[in-house]
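Undergrad:
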Amino acid sequence: MDTAQAVAEWAAENWHGDLTLAQWWQRLADAGYAFPSWPVGLGGLNASPGQARQISSALAAAGVIGPPVGNGPGMGGPTVLAHGTAEQQQRFVAPMAYGQEAWAQLFSEPGAGSDLASLATSAVRDGDEFVINGQKVWNSFADMADWGMLLARTDVDVPKHKGITYLMIDMNQPGVEVRPLVQMNGIAEFCEVFFTDARVPVANVIGAIGEGWNVARTTLAFERAGAGSGRAANTISVGAGSKAGNLQLPVGELVKRAKQEANDPTLRTEMLLSSRTLFKMARALGHGDDPALRDRLMRYHANSQVYSWTGQRGRDNAKTGRPGPEVSTLKLKIALLAHESRDLSMSMLGAEGMLMGDTTFEGGRIQRAALASPVPSLGGGTNEIQRNIIGEQALGLPREPSDDNVIPFRELRRS
Ligand SMILES: Cc1cc2nc3c(=O)[nH]c(=O)nc-3n(C[C@H](O)[C@H](O)[C@H](O)COP(=O)(O)OP(=O)(O)OC[C@H]3O[C@@H](n4cnc5c(N)ncnc54)[C@H](O)[C@@H]3O)c2cc1C
């Protein structure tokens with residue numbers, strides 16, 4: 003029996019609408035179908051990229067809820083698998099695979115975004131613990147997170163990339179304050195996070211103390227791979243962790259809700275529109291015969307197809323180790339597609355593009371997507387930074403001149 007058929011039979015036997023989400027995710031992880039390329043016992047079965055793809059597609063075809071999504075499985079899990087000890091993998095990766103805990107990425111700071119290695123949040127050793135003070139910002143879903151992947155400075159007397167440590171911080175403790183930030187599309191997806199004498203056991207350091215930059219590069223590579231490669235298969239996604247409030251709900255009810263949301267344009271949140279949606283818009287709004295617009299639409303369609311096929315390659319690479327710089331090409335591509343989708347849709351809508359609300363074309367879906375279109379060109383690193391990565395790491399061009407790899411962090415002039 004081939005893999006797809008085996009998964010389809012397994013799903014038919016194991017999926018029941020009255021299971022709770024926690025029970026379903028447990029079955030999925032125990033079978034190794036949650037994250038097939040991860041190790042046995044941690045939600046996977048050491049599957050090859052090809053097998054993993056077949057499993058994801060078979061689950062999608064079965065109409066079941068897919069594995070937990072978000073920062074944990076997307077970035078934290080692969081990072082701990084690459085750099086963590088066996089105990090750390092058991093402690094942190096297993097609950098990610100079972101969807102029990104949700105994660106935040108606590109990297110960016112008000113003075114450290116593109117230049118992430120300038121981060122100033124401090125971690126000072128106190129016996130078996132580190133004491134954390136400082137501020138992070140733009141942290142997606144931090145208000146839903148149980149744990150955070152934290153980059154903090156443990157040594158100011160060495161150059162900036164060398165004194166950073168990668169720590170797993172419990173978000174549910176005094177000294178961690180999370181404040182959601184509302185974006186221009188009205189959604190509060192990310193947060194700022196303040197630390198005041200928060201504590202992290204030394205046992206929660208991933209990799210060696212002071213060597214966090216290398217560990218962070220793994221997280222960032224997986225983040226770019228996720229942002230650039232889109233979703234693997236069309237499974238139904240549900241938020242993990244206790245704060246999302248889904249774990250005890252019946253999966254049948256969650257699927258019903260997801261379908262209602264998918265069919266209701268007023269509830270859709272997208273960063274870009276498919277070429278099919280743009281074609282539909284052109285016909286509905288009477289632009290179908292405009293040759294200049296048809297040309298742009300066809301170029302958008304061709305670029306979307308190329309992006310989707312190249313994304314497949316990026317996802318496969320990401321499953322076999324740290325993704326390479328090619329994922330920056332993909333991330334850049336989706337950012338450019340999002341901008342083109344915004345420009346095309348707004349030029350078709352005309353003055354109506356300035357209106358919002360349920361009574362506008364497609365229930366405001368088009369305008370909401372336009373307002374979310376800057377997301378892929380910022381989150382996970384800006385377009386300019388992707389171009390630097392492609393230039394330096396893929397094409398072998400010289401690095402930007404800088405002396406900050408020799409000057410101790412405490413002597414650097416910072417904004
Ligand atoms: C939707 C979204 C989700 C995010 N989620 C998270 C998260 O979960 N966790 C987290 O830690 N962070 C997150 N971020 C933060 C994100 O990583 C930063 O916004 C990003 O790295 C840019 O940093 P910045 O905003 O400080 O801009 P800056 O670094 O101040 O950049 C400002 C401008 O200068 C340009 N620039 C800077 N340096 C160079 C250079 N060397 N060469 C050329 N141009 C340059 C930039 O490209 C940009 O146009 C998120 C951001 C967004 C938008």
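3 is the number of the first residue of the sequence shown in this note's numbering; add one for each residue after it.
The beta-carbon is built from N, C-alpha and C at its ideal position, and this holds for glycine as well.
Taking only runs of the alpha helix (DSSP H) that begin and end inside the region 304-366, which ones reach a length of at least 4 residues, in chain order?
TA: Correct list: 328-351.
Undergrad: Relative to the C-alpha of Arg367, which residue among Gln314, Thr384, Asp266 and Phe224 is closest?
TA: The residue with the shortest Cα to Cα distance from Arg367 is Asp266.
Undergrad: Identify whether Arg201 lies in helix, strand or coil by the three-state DSSP scheme.
TA: DSSP places Arg201 in strand when its eight states are reduced to three.
Undergrad: Residues in the same chain with beta-carbon distance under 6 Å from Gly79, minus the five sequence neighbours each way, listed in chain order, please.
TA: For Gly79, where only same-chain residues beyond five positions count, the Cβ hits under 6 Å are Val95 and Met98.
Undergrad: Out of Tyr168, Ile392, Arg389 and Trp12, point me to the one whose CA is closest to Ala63's CA.
TA: Cα-wise, what sits closest to Ala63 is Trp12.
Undergrad: Between the region 38-49 and the region 176-187, can you find at least three pairs of beta-carbon atoms closer than 8 Å?
TA: Segments in contact, no.
Undergrad: Over the uninterrupted beta strand (DSSP E) stretch that includes Val408, give me the two end residues.
TA: Segment: none, Val408 is in no beta strand (DSSP E) and carries neither H nor E.
Undergrad: In the structure shown, what three-state DSSP assignment does Ile368 receive?
TA: Reduced to three states, the DSSP call for Ile368 is helix.
Undergrad: Which same chain residues, not among the five before or five after Gln284, have their C-beta less than 7 Å away from its C-beta?
TA: According to the sequence displayed, residue 284 carries Ala and not Gln. Excluding positions up to five away in sequence, the list reads Gly290, Leu295, Leu299 and Met350.
Undergrad: Only counting the same chain, and skipping five residues up and downstream in sequence, which positions put a Cβ closer than 8 Å to that of Arg155?
TA: Counting only Cβ-Cβ distances below 8 Å, and skipping sequence neighbours, we find Leu121, Ala122, Thr123, Ser124, Ala125, Gly165, Ile166, Thr167 and Phe411.
Undergrad: How many Å lie between Pro400 and Ala14 at the Cα?
TA: If you take the alpha carbons of Pro400 and Ala14, they lie about 55 Å apart.
Undergrad: Give me, in chain order, the residues of the same chain whose beta-carbon lies closer than 7 Å to that of Gln181; leave out the 5 immediate sequence neighbours on both sides.
TA: In the sequence on display, residue 181 carries Arg and not Gln. Correct list, in chain order: Cys193 and Glu194.
Undergrad: Which two residues bound the contiguous beta strand (DSSP E) that contains Thr167?
TA: Here the beta strand (DSSP E) through Thr167 covers Ile166 to Asp172.
Undergrad: Could you name each continuous alpha helix (DSSP H) segment of 4 residues or more that falls completely within the region 221-278, going from the start of the chain to the end?
TA: For the region 221-278, whole alpha helix (DSSP H) runs of length 4 or above, ordered along the chain, are 253-265.
Undergrad: Report the rounded CA-to-CA distance for Glu191 versus Ser142, giving the unit in angstroms.
TA: C-alpha separation (whole angstroms): 6 Å.
Undergrad: Judging by CA-CA distance, which residue of Gly19, Ala8, Ala119 and Glu103 is the nearest neighbour of Val253?
TA: Closest by alpha carbon: Gly19.
Undergrad: Our contact map puts Trp140 next to Ser116 with C-beta atoms below 8 Å; I'd like the distance itself, whole angstroms only.
TA: With a Cβ gap of about 12 Å, Trp140 and Ser116 do not count as contacting.
Undergrad: Kindly indicate which three-state DSSP category Asp1 falls into: helix, strand or coil?
TA: There is simply no residue 1 to check, as the chain begins at 3 and stops at 417 in what is shown.
Undergrad: How about Met173 and Asp148: do their beta carbons lie closer than 8 Å?
TA: Contact: yes.
Undergrad: Name the residue from Thr5, Gln90 and Gly74 whose alpha carbon lies nearest to the alpha carbon of Gly1.
TA: Because the chain in this structure spans residues 3 to 417, residue 1 falls outside the shown range and cannot be described.
Undergrad: Roughly how many angstroms lie between the CA atoms of Gly228 and Leu332, to the nearest whole one?
TA: Near 10 Å, if we compare the C-alpha coordinates of Leu332 and Gly228.
Undergrad: Just to confirm the assignment: which complete beta strand (DSSP E) runs, minimum length 3, are found wholly within the region 84-160?
TA: Within the region 84-160, the complete beta strand (DSSP E) runs of at least 3 residues are 105-108, 124-128, 131-142 and 149-155.
Undergrad: Under a three-way DSSP split, which group does Thr5 fall into?
TA: Thr5 falls in the helix class under three-state DSSP.
Undergrad: Looking only at C-alpha atoms, which of Pro327, Leu346 and Leu61 sits nearest to His303?
TA: Measuring from the Cα of His303, the nearest candidate turns out to be Leu346.
Undergrad: As a quick exercise: from Gln56, Ser239 and Ala24, pick the residue whose alpha carbon is nearest that of Gly101.
TA: Considering only alpha carbons, the answer is Ala24.
Undergrad: So does Ser404 have its beta carbon nearer than 7 Å to some heavy atom of ligand 1?
TA: No; taking the cut-off as 7 Å, the Cβ of Ser404 has no heavy atom of ligand 1 nearer than that.
Undergrad: Which partner residues of Pro400 appear in the DSSP bridge assignment?
TA: Paired residue(s): none; Pro400 is not in a bridge.
Undergrad: Hey, would you say the C-beta of Gly381 is under 7 Å away from at least one heavy atom of ligand 1?
TA: Yes - ligand 1 has a heavy atom lying nearer than 7 Å to the Cβ of Gly381.
Undergrad: So is Lys258 buried or exposed if we call it buried at 16+ other beta carbons inside 10 Å?
TA: Exposed.
Undergrad: What is the rounded straight-line gap between the Cα of Thr87 and the Cα of Met170?
TA: Thr87 and Met170: Cα-Cα distance of roughly 13 Å.
Undergrad: Taking only the alpha-carbon atoms, compute the straight-line gap between Ala54 and Gly214 and give it to the nearest angstrom.
TA: Their Cα atoms are separated by approximately 30 Å.
Undergrad: Relative to ligand 1, is the shortest distance from any of its heavy atoms to the C-beta of Trp12 smaller than 7 Å?
TA: No, Cβ of Trp12 sits at least 7 Å from all heavy atoms of ligand 1.
Undergrad: Suppose the cutoff is 6 Å on Cβ atoms and the five residues either side in sequence are ignored; what does the same chain contact list for Val204 look like?
TA: Within the same chain, Val204 has close Cβ partners Asp130.
Undergrad: Using 7 Å as the cut-off, classify the Cβ of Thr384 as near or not near the heavy atoms of ligand 1, replying yes or no.
TA: At least one heavy atom of ligand 1 is nearer than 7 Å to the Cβ of Thr384, so yes.
Undergrad: Return the Cβ separation of Met77 and Gln107 in integer angstroms, given the expectation that the two are a contact with Cβ distance under 8 Å.
TA: Right, their Cβ atoms sit about 6 Å apart.
Undergrad: Quick check: does the Cβ of Lys442 come within less than 7 Å of any heavy atom belonging to ligand 1?
TA: It is not possible to answer for residue 442, since the shown part of the chain is limited to 3 through 417.
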